[in-house]
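Q:
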Amino acid sequence: MTERTDWDTCAVIIDQPPQSDADLVSRYGDLRNQVGGMSESLRGMRFNALLANALVRDGIEADADQRGPHGEVDVAFCYDGTWWLLEAKWYADPVNEPFRARG
1443 MTERTDWDTC AVIIDQPPQS DADLVSRYGD LRNQVGGMSE SLRGMRFNAL
1493 LANALVRDGI EADADQRGPH GEVDVAFCYD GTWWLLEAKW YADPVNEPFR
1543 ARG
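For the sequence shown, the working numbering assigns the number 1443 to the initial residue and increments by one for each residue that follows.
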């Protein structure tokens, strides 16, 4: 995977999606540990890219950190002909039970 930053939009651009679950898990672990002392902002952009990569790996068209006239979208993806907007948040502590999605 090649990762680069588009400095005009501050978006992290992924040139090639990850090839395995192990790659996704490893990248998540790096983010969780803030490897290299990365800033929270950079970790957030890389987390968005990780989410988009997971969708792309599963055959879903996705883009991370898209900016438009009305603000930024963390991840935009198209599933079954409908575009969805994903707002991702990174929390150090688990989300309280009442706020978790129920399946």
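All C-beta atoms, glycine included, are put in the ideal place defined by N, C-alpha and C.
1. Near Q1508, what residues of its chain come up, given a Cβ to Cβ distance below 6 Å and the 5 sequence neighbours on each side ignored?
2. I believe A1530 touches N1490 by the beta-carbon criterion, under 8 Å. Please report the beta-carbon distance rounded to the nearest angstrom.
3. Terminal residues of the continuous beta strand (DSSP E) containing D1465?
4. According to DSSP, is L1527 helix, strand or coil?
5. Flag this pair as yes or no: are the beta carbons of M1480 and A1506 separated by less than 9 Å?
6. If you follow the alpha helix (DSSP H) that G1486 is in, where does it begin and where does it stop?
7. With distances taken Cα to Cα, identify the nearest neighbour of S1462 among L1492, L1484, S1483.
8. Ends of the beta strand (DSSP E) at D1516?
A: Walking through what the data contain:
1. Residues V1515, A1518 of the same chain have their beta carbon placed closer than 6 Å to that of Q1508, with the five preceding and five following residues left out of the count.
2. Confirmed, Cβ separation roughly 6 Å.
3. Segment 1463-1475 is the alpha helix (DSSP H) holding D1465; no beta strand (DSSP E) there.
4. In the displayed model, L1527 falls within a strand according to three-state DSSP.
5. The beta carbons of M1480 and A1506 sit no closer together than 9 Å.
6. It spans 1482-1499 - the alpha helix (DSSP H) in which G1486 sits, taken as one unbroken run.
7. Comparing Cα-Cα distances from S1462 to each of L1492, L1484, S1483, the minimum goes to L1492.
8. Per DSSP, the continuous beta strand (DSSP E) segment holding D1516 begins and ends at 1513-1521.
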